[in-house]
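Using our numbering, read the sequence shown as starting at 5 and increasing by one per residue.
Ideal Cβ positions, reconstructed from N, Cα and C, are used throughout, including at glycine.
Here the structure comes first, spelled out in structure tokens, and everything after it is commentary.
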Amino acid sequence: MDHPQTPRILAPHLQSFQHKLVRMLGKVVQLRGETAVIDAGGNVDVILNRDCHLAIGHAVEIIGKVDGNLNVKVQAATDFGTNIDFNAANAVVEVTHRHKEIFYDGD
5 MDHPQTPRIL
15 APHLQSFQHK
25 LVRMLGKVVQ
35 LRGETAVIDA
45 GGNVDVILNR
55 DCHLAIGHAV
65 EIIGKVDGNL
75 NVKVQAATDF
85 GTNIDFNAAN
95 AVVEVTHRHK
105 EIFYDGD
């Protein structure tokens, strides 16, 4: 079975991934009803689905589609708790973009 690619990105990469499925790890900084803000190398507005159960201050991995306004419409969210080294996680993302041919297909 062919699974869709979900390149790992951070806030600065959003512009390059409009209308694409992505994966982001960030810290939940704000919850507002059906939207939230996560810090993933910068603040990102995410549009939640009814299955999302986020907690302020927790790390969350989101798989979702970047829309034209650079919001991410969540398809799946996984709570990773509070014991995440974001510096290490973000460094991994930076490497995947520096050597993207290894990690995902370009356009």
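Hey, would you say residue i sits closer than 7 Å to residue j, going by beta carbons?
i, j, result
"Val-32", "Val-78", "no"
"Tyr-108", "Gln-22", "no"
"Ala-40", "Leu-52", "yes"
"Cys-56", "Ala-92", "no"
Would you list the one or two residues that DSSP bridges to residue i?
i, result
"Gln-34", "Val-41"
"Val-50", "Ala-40 and Val-76"
"Arg-12", "Arg-27"
Can you give the beta carbon distance from residue i to residue j, rounded, assuming they're within the 8 Å contact cut?
i, j, result
"Val-70", "Leu-18", "6 Å"
"Val-76", "Ile-66", "6 Å"
"Asn-94", "Leu-14", "6 Å"
Tell me the rounded alpha-carbon separation between residue i and residue j.
i, j, result
"Val-99", "Ala-63", "20 Å"
"Thr-101", "Pro-11", "Looking at the sequence shown, residue 101 is not Thr but His. Spanning the two alpha carbons is a distance of roughly 9 Å."
"Gly-68", "Gly-37", "18 Å"
request  = Could I get the ranges of all uninterrupted beta strand (DSSP E) runs contained in the stretch 58-93, with 3 residues as the minimum, in chain order?
outcome  = 63-70 and 76-85
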